[in-house]
Amino acid sequence: MPPPSSCIRGLTRLRAAQPSIACRRTGDASIQTASFSTSSAHYAIVAKKKTISTPPPKRGTKTLNVKKGRKTGPVDTGKPPAVGERKAMRKRVVLSNNNALEVPSLVDLSEENVLDTKNQGLVRGIPEEAVDALRAVEAFKPRQGWSLFRRPAVLYRRETTELAQLAKGVEEGKKTERRIVTGSRMSGKSTLVLQGLLMAHLRGWAIINFPEAQDLVNAHTEYGPLPGSSPTQYTQDTYTANLLSQFLKANKHLISLPMTTSPTLPQPLPPRATLRHLLEIGITTPESSWPVFTSLWAELTQPGRPPIMLALDGLSHIMRNSEYLSADVKPIHAHDLTLVRHFVDHLSGKKTLPNGGMVLAATSSSNSPANPALEFSIQCAEARKMGAKETPMWNPYKVVDMRAMEALKNVDTLHLSGLTKEEARSIMEYYAESGMLRAKVDEGFVGERWSLAGMGNIGELERTSVRMRV
Amino acid sequence: MARGELSGSLRRAIDLLGRAYCSPAVRFPNTIRHSRCLSTTTSRCAELTSETHEKFTAAPPIDFSKPDAGRPKTGKQLLRTLRVVPASPSYFSAKPTFNDDWVALTALLRKFATLPTVPLPEAPKVAWKTIDQYRIMTNEPVKTLRYHKMLHVLRRLNRIHSSLMPQEVLVAMQRYKKDTQPSDMRPNPVFVDEAGRAKGVGRRKTSSAVAWLVEGEGEVLINGKTLTDFFGRVHDRESAVWALKATQRLDKYNVFALVRGGGVTGQAEALTLAIAKALLVHEPALKPALRRAGTVTRDPRKVERKKTGHVKARKMPTWVKR
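Residue numbers (the numbering used here), protein chains in the order written: chain W, 1 to 470; chain P, 471 to 792.
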């Protein structure tokens with residue numbers, strides 16, 4: 001029962017609405033609706049549209065105001081770039097800038113002067129023919145500053161002279177020089193490899209370059225087991241075929257050499273075959289590319305043939321497991337890939353080059369997976385170079401790739417430090433002569449830029465003086 | 471003062487208890503100038519004044535063995551008992567200590583008015599007590615204007631030529647000086663050590679940097695790394711060595727620095743200050759140039775704290791209806 005006061009109020013209201021009070025039961029409001037209808041109350045009531053009305057947020061609470069159905073700007077109706085176009089743009093290498101001035105004082109390197117120590121500290125041009133060869137082996141990288149100047153030119157720095165001395169030694173004594181090119185970020189490691197390739201090319205060596213070691217191991221190119229190999233090795237046919245075509249374009253002076261061996265290949269060689277015929281078999285039929293590569297190597301190592309330059313960029317990628325999987329779904333070690341093994345055997349000194357040659361492996365600072373084995377080996381090599389009594393201790397808590405450790409046990413390093421102030425001045429004068437640096441190149445300016453570029457880091461020097469012009 | 475009051479009233483109470491009529495009081499010696507033992511007001515700031523007590527002399531002990539101890543006093547004796555002479559002539563003014571101070575200082579100024587003075591900028595720098603400190607010391611409601619007038623007198627006294635400054639004035643001024651003077655705070659002496667290094671310390675936001683500067687070729691090592699390895703942004707590199715760059719000294723010195731704490735920008739700007747200070751040790755004459763380059767003053771800005779009721783330091787929550 002409701003309290004008496006509400007009861008009375010209800011009664012009075014009822015009297016106004018209805019003539020009879022007798023049928024009304026006080027206190028139960030739901031019954032009184034449509035009491036005289038024969039249909040059930042359910043049909044009589046027009047269902048109100050249910051609205052979920054949330055109260056406004058309290059003061060002081062953060063609310064997320066996301067309006068649904070709002071138009072999200074104009075829809076881009078342009079055609080997307082075709083397949084591979086973006087990558088092509090990304091990988092495009094531009095080697096000239098028509099807006100840059102021609103430098104009249106620029107002297108080209110040639111077969112005679114390329115190993116000359118008098119070049120040290122000077123900027124030297126790369127001859128047209130060598131540019132083509134280097135471009136063919138992808139020695140120019142897209143993000144290097146080649147597109148800033150009229151034509152490619154390199155600074156003959158201290159380390160280049162060192163490399164030239166090594167090359168001289170190779171030519172004279174048929175030695176095999178093996179070096180890991182190290183240095184800080186943007187210190188010119190890839191460019192030094194390019195300079196090595198340039199020297200080799202100008203001196204008539206055979207050049208083979210692996211421009212990006214990552215491409216060998218990141219499982220982007222097809223692979224297959226090498227028949228009759230134990231433990232199983234894997235060939236990368238498409239990559240090898242591409243490498244052979246690069247070799248064909250870059251070593252034009254060698255491809256007309258006659259074959260001295262008679263390898264057994266899937267396709268027969270024509271009579272009086274030259275290296276070109278051999279290479280063409282490998283290029284046209286990728287499945288025979290690995291046998292072709294081995295027979296090419298056998299040809300190149302015949303007595304009387306020129307020295308060989310083997311170069312690779314991004315060493316830490318091939319000193320670990322690759323992204324490939326074996327038949328029993330185990331990761332394949334990079335050294336089980338035939339091309340990588342070929343390179344690593346020569347880098348580690350397990351195989352030598354009978355006609356002499358150079359094996360250069362550059363590390364990378366911006367694209368390199370953590371590799372304790374490589375880091376430790378580099379430390380040891382630096383210590384050996386400095387003549388330290390004790391080699392550095394390795395951290396037993398780090399997982400180290402033992403195959404990599406074994407391979408890098410006695411490889412020397414070629415460390416790239418900053419430019420000297422004279423070298424910095426020389427290259428900045430070249431910038432200024434190209435019209436890319438509009439400042440008076442004097443001692444104070446050079447010193448200032450040299451300091452700001454972290455004691456002559458060449459990449460930073462270029463970045464601050466040419467790229468970031470105000 | 472609290473003690474003075476207590477002893478005074480206690481003495482009086484005992485006097486009144488002991489005899490029907492008051493006995494002659496012992497006159498306090500006039501030497502207690504500043505004591506206010508007979509004040510009947512309650513001490514307001516007793517706990518605040520614990521450090522700066524006025525000079526206090528206890529009342530002489532009551533000698534009960536005196537022959538007139540129990541006897542009622544009459545006539546002149548009674549009158550002597552009732553007369554209590556205050557220590558200060560300005561006792562019945564509201565601010566006796568202040569008035570005494572004022573009188574003493576003006577008298578001192580009158581006495582030494584003829585001594586030669588130096589202009590105000592050349593006078594020794596003195597931090598006088600603030601009005602609040604003076605009020606706490608005296609426990610009197612001194613008005614600001616009055617106190618400022620007194621400070622005028624003090625400054626005038628301070629301007630007396632140092633070679634002729636009387637000891638009396640020095641002693642009198644000591645009472646109005648702050649406990650620590652700005653001249654007491656001396657920075658540690660800076661020097662170029664035997665290896666030719668000058669050290670500078672700089673801070674910005676939450677970073678702190680120590681830089682050592684030696685004469686050299688312009689090599690910079692920060693935490694053992696080169697400038698480019700340590701700072702990815704060119705702007706940060708420039709601001710780190712800005713002191714050297716702005717004075718064209720970048721190729722004259724080598725820098726070795728250690729930086730801790732904060733973010734990249736804070737570390738770069740802490741280095742600016744550290745290198746500038748180290749450079750000032752080598753070449754103090756560069757100070758105006760460095761000040762123009764903006765590397766002398768420490769930037770005091772820090773992250774402002776968040777407040778209750780705000781979303782951030784200043785941001786208020788979004789206004790909503792109801």
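Built from N, CA and C at the ideal position, the CB exists for glycine as well. These numbers were taken from a predicted model, which means no experiment stands behind them.
Which chain W residues sit within Cβ distance under 8 Å of residue i?
{"i": "P/V711", "result": "S451 and L452"}
{"i": "P/D721", "result": "E443, G444, G447, E448, W450 and S451"}
Can you round the beta-carbon distance between residue i and residue j to whole angstroms, since I take them to be within the 8 Å contact cut?
{"i": "W/E460", "j": "W/G454", "result": "6 Å"}
{"i": "P/K595", "j": "P/S653", "result": "6 Å"}
{"i": "W/T176", "j": "W/G356", "result": "6 Å"}
{"i": "P/V684", "j": "P/N724", "result": "5 Å"}
{"i": "W/L269", "j": "W/H277", "result": "6 Å"}
{"i": "P/V766", "j": "P/L760", "result": "5 Å"}
At 8 Å on the CB atoms, spell out the chain P contacts of residue i, in chain order.
{"i": "W/S184", "result": "T696, T698 and D699"}
Does any C-beta atom of chain P lie closer than 8 Å to the C-beta of residue i?
{"i": "W/G447", "result": "yes"}
{"i": "W/I458", "result": "no"}
{"i": "W/T26", "result": "Low confidence applies here, because W/T26 scores a pLDDT of 46, under 50, leaving its location unreliable and the question unanswered by this model."}
{"i": "W/P56", "result": "yes"}
{"i": "W/K398", "result": "no"}
{"i": "W/M468", "result": "yes"}
{"i": "W/M455", "result": "yes"}
{"i": "W/K189", "result": "no"}
{"i": "W/I31", "result": "Confidence at W/I31 is low in this model, with a pLDDT of 46, below 50, so the placement of that residue should be treated as unreliable; the coordinate-derived value is given next. So no, W/I31 is outside the interface."}
Please check if any C-beta of chain B sits within less than 8 Å of the C-beta of residue i.
{"i": "W/G444", "result": "The chain inventory of the structure shown lacks chain B, comprising the protein chains W and P."}
Could you tell me the boundaries of the alpha helix (DSSP H) in which residue i lies?
{"i": "P/I593", "result": "The sequence shown places Ala at residue 593 of chain P, rather than the Ile named in the question. Note, P/A593: premise wrong, no alpha helix (DSSP H); not H, not E."}
{"i": "W/A407", "result": "M402 to A407"}
{"i": "P/K669", "result": "Note, P/K669: premise wrong, no alpha helix (DSSP H); beta strand (DSSP E) at A668 to R674."}
{"i": "W/W290", "result": "S289 to L300"}
{"i": "P/A759", "result": "K757 to A763"}
{"i": "W/G282", "result": "L275 to T284"}
{"i": "P/D571", "result": "P566 to K581"}
{"i": "W/A136", "result": "E128 to A136"}
{"i": "W/L360", "result": "Taken as a continuous stretch (DSSP letters only), W/L360 belongs to no alpha helix (DSSP H), being part of the beta strand (DSSP E) at G357 to A362."}
{"i": "W/L347", "result": "T338 to S348"}
Report the neighbours of residue i on chain P: residues whose CB is nearer than 7 Å to its CB, in chain order.
{"i": "W/R59", "result": "P787 and V790"}
{"i": "W/T464", "result": "V704"}
Where do the ends of the beta strand (DSSP E) carrying residue i lie?
{"i": "W/R124", "result": "L122 to G125"}
{"i": "P/R626", "result": "Where P/R626 is concerned, there is no enclosing beta strand (DSSP E), although the alpha helix (DSSP H) it sits in stretches over T614 to N628."}
{"i": "W/T413", "result": "D412 to L416"}
{"i": "W/H333", "result": "P331 to H333"}
{"i": "W/R178", "result": "T176 to G183"}
{"i": "W/E375", "result": "Element bounds for W/E375: not the beta strand (DSSP E) but the alpha helix (DSSP H), P372 to M386."}
{"i": "W/E323", "result": "N321 to L325"}
{"i": "P/M607", "result": "Premise fails: P/M607 lies in the alpha helix (DSSP H), I601 to T608, not in any beta strand (DSSP E)."}
{"i": "W/M309", "result": "I308 to D313"}
Using beta carbons (cut-off 8 Å, strictly below), is residue i in contact with chain W?
{"i": "P/Q718", "result": "yes"}
{"i": "P/E685", "result": "no"}
{"i": "P/A783", "result": "no"}
{"i": "P/T778", "result": "no"}
Quick one: list the residues of chain P neighbouring residue i, beta-carbon separation under 9 Å, in chain order.
{"i": "W/K62", "result": "V781, P787 and T788"}
Could you tell me which chain W residues have their CB closer than 7 Å to the CB of residue i, listed as they occur along the chain?
{"i": "P/E739", "result": "Ordered by position in chain W, no residue passes the 7 Å Cβ test against P/E739, which lies about 16 Å from the chain."}
{"i": "P/G731", "result": "Per Cβ cutoff of 7 Å: no residues; P/G731 is ~23 Å from chain W at best."}
{"i": "P/G688", "result": "G447, W450 and S451"}
{"i": "P/R707", "result": "L452"}
Which residues in chain W sit within 9 Å of residue i, going by Cβ to Cβ distance?
{"i": "P/K715", "result": "E448, S451 and L452"}
Open item on the list: What ranges does the beta strand (DSSP E) occupy inside the segment 199-249 of chain W, keeping only unbroken runs of at least 3 residues that lie completely in it?
Closed with: 206-210
TODO: Starting from the N-terminal side, write out each stretch of the alpha helix (DSSP H) that is 4 residues or longer and does not extend beyond the segment 146-171 of chain W.
DONE: none
Task: alpha helix (DSSP H) segments (min. 4 residues) lying fully within the segment 674-747 of chain P - done: Complete alpha helix (DSSP H) runs here, min 4: 697-700, 704-710 and 712-716.
- [ ] May I have a chain-ordered list of the alpha helix (DSSP H) segments no shorter than 4 residues that lie completely inside the segment 420-462 of chain W?
- [x] 421-433, 443-452 and 458-462
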